[in-house]
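This report refers to the structure that appears directly beneath it.
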Amino acid sequence: MMCSITPFKISISEERLQRLHQKLALTPFPDEISDLDSDELWSRGAPLADIKRLIAYWQDGFDWRKIEGRLNKIESVPHRATCGRISQVNVGVGIWAIWWIFMPSLDGLDVADHRVVVQAGDLGCLVARSIASKHGPNHCKDYHTNSAVPSEPTAECHPEAYAKTQATPLSDVEKAGLGQTANFFKDGNSYYQQLSTRPQTIGYSLTDSPVGLLAWLYEKLHDWTDN
Numbered sequence: 001m002m003c004s005i006t007p008f009k010i011s012i013s014e015e016r017l018q019r020l021h022q023k024l025a026l027t028p029f030p031d032e033i034s035d036l037d038s039d040e041l042w043s044r045g046a047p048l049a050d051i052k053r054l055i056a057y058w059q060d061g062f063d064w065r066k067i068e069g070r071l072n073k074i075e076s077v078p079h080r081a082t083c084g085r086i087s088q089v090n091v092g093v094g095i096w097a098i099w100w101i102f103m104p105s106l107d108g109l110d111v112a113d114h115r116v117v118v119q120a121g122d123l124g125c126l127v128a129r130s131i132a133s134k135h136g137p138n139h140c141k142d143y144h145t146n147s148a149v150p151s152e153p154t155a156e157c158h159p160e161a162y163a164k165t166q167a168t169p170l171s172d173v174e175k176a177g178l179g180q181t182a183n184f185f186k187d188g189n190s191y192y193q194q195l196s197t198r199p200q201t202i203g204y205s206l207t208d209s210p211v212g213l214l215a216w217l218y219e220k221l222h223d224w225t226d227n
């Protein structure tokens, strides 16, 4: 049975915030190879200097209560974000200021009684596409994805498209993109293998260590954006 949606306000206790700051202050750091060239700094993961800089800001420059208040002010069009990883919301900046944000678990996922827009990346794009095709346009007004990955046409199912793709040479830009994809599967998707095979094991570290979670997310924020 689906539960009805009720208003929700974020309220992190002062005790949890104090415990966070204690953990940040007591963080033991791993060793790091010191003679890496500038183009190799990220070859082993998030650099130690970057993590220390972010921890210092987290301790002394970041105001959670201010962010908590901004998040709790959001009240407008429901927006459902479904992602394969943790996502970030820049609240109050541009378009994000007008959305309610739904971050659902997949169990019992339903939008039949509401009008929403959906956005998704990674594995979530499959969920969002299903929502859009099943419920649009009556209950799903819009659908956006940053992981629109089409299947290659086959001679059996799409003979005309297959013939066209076979006869069209790849551009240099497309070849470079395929090279990036190949490099990602060779050198950048260990997180995916870990989460796909042993999520419980990594879950202890990511739940217990704020710095571990910071490094885990920061590495991808660096690698998957324009630095």
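Sequential numbering from 1 applies to the sequence shown in UniProt numbering. C-beta atoms are modelled at their ideal positions from N, C-alpha and C, and glycine is treated no differently.
*Smallest Cα separation from L26: which of K9, A56, A132 and G45?*
Per the Cα distances, A56.
*Roughly how many whole angstroms lie between the Cα atoms of E40 and Y191?*
Their Cα atoms are separated by approximately 20 Å.
_Less than 9 Å between the C-beta atoms of F29 and L54, yes or no?_
Cβ distance not < 9 Å, so F29 and L54 don't count as in contact.
_Rounded separation between K141 and G124 - CA only_ = About 17 Å.
*Could you please give the first and the last residue of the uninterrupted alpha helix (DSSP H) stretch that includes D50?*
Start and end: L48 to D60.
_Just list the residues that DSSP pairs T145 with in beta bridges._
The secondary-structure analysis by DSSP pairs T145 across a beta bridge with A120.
_For C140: DSSP bridge partner residues_ = The partner list for C140 (beta bridge, DSSP) reads V116.
_Quick check: the Cα distance between Y218 and G212, rounded to an integer number of angstroms?_
The alpha-carbon atoms of Y218 and G212 are separated by roughly 10 Å.
*Between L161 and A128, what straight-line distance do the alpha-carbon atoms span, to the nearest angstrom?*
One detail in the question is off: residue 161 reads as Ala in this sequence, not Leu. The C-alpha of A161 lies about 26 Å from the C-alpha of A128.
*Using alpha carbons as the reference points, say which of W42, D37 and L17 lies closest to F62.*
Across the set W42, D37 and L17, the C-alpha of L17 shows the shortest separation from the C-alpha of F62.
*Helix or strand or just coil, what does DSSP make of F29?*
Under the three-state reduction of DSSP, F29 is assigned to coil, being neither helix nor strand.
*C-alpha distance - F185 paired with P150, whole-angstrom precision*: Rounded to the nearest angstrom, the gap between the Cα atoms of F185 and P150 is 18 Å.
_Range covered by the alpha helix (DSSP H) that runs through E68_ = Its alpha helix (DSSP H) spans residues W64 to N72.
*Kindly give me the distance between the Cβ atoms of K9 and N72, rounded to whole angstroms, as I take these residues to be in contact under 8 Å.*
At roughly 5 Å, the Cβ-Cβ gap stays under 8 Å, so K9 and N72 are in contact.
_Can you look up K220 in the DSSP assignment and give me helix, strand or coil?_
Correct three-state label for K220: helix.
*Along the chain, where does the alpha helix (DSSP H) that runs through N189 open and close?*
Counting along the chain, N189 sits inside no alpha helix (DSSP H), nor does DSSP assign it H or E at all.
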